[in-house]
Amino acid sequence: MARAVIGFLTGPAREELRACPAPRCVRYFVKDHPRQEWCKPSCGNRARVARHYQRHAAPR
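Residues in the sequence shown are numbered consecutively from 3, following my numbering.
This is the structure we're talking about:
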């Protein structure tokens with residue numbers, strides 16, 4: 003497994019390695035599609051909910 007990780011990190015695919023930007027997510031993922039932003043759909047949902055909360059819970 004260590005050899006596979008070293009091979010991945012020294013190869014051209016390392017350019018596609020991303021940290022998931024969703025709140026409280028600590029996962030990394032390989033970006034397979036140009037529009038992929040999160041490691042899994044639930045992280046995308048969590049990010050959208052957090053954005054919604056920030057917009058609507060602001061002090062008035």
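We put the beta carbon where it would ideally sit given N, CA and C, even for glycine. It should be emphasised that the depicted structure is a prediction, and the values quoted were computed from it without experimental measurement.
Rounded separation between residue i and residue j - CA only
i: A24; j: H58; result: 19 Å
i: A4; j: T12; result: 12 Å
i: C27; j: C45; result: 7 Å
i: R48; j: W40; result: 10 Å
Three-state class that DSSP yields for residue i in the structure shown
i: V28; result: coil
i: A4; result: helix
i: A21; result: strand
i: P36; result: coil
i: G13; result: coil
i: C41; result: coil
Distance between beta carbons of residue j and residue i, contact taken as under 8 Å
i: C22; j: R16; result: Their Cβ separation, rounded to whole angstroms, is 16 Å, which puts C22 and R16 out of contact at 8 Å.
i: K33; j: E18; result: 5 Å
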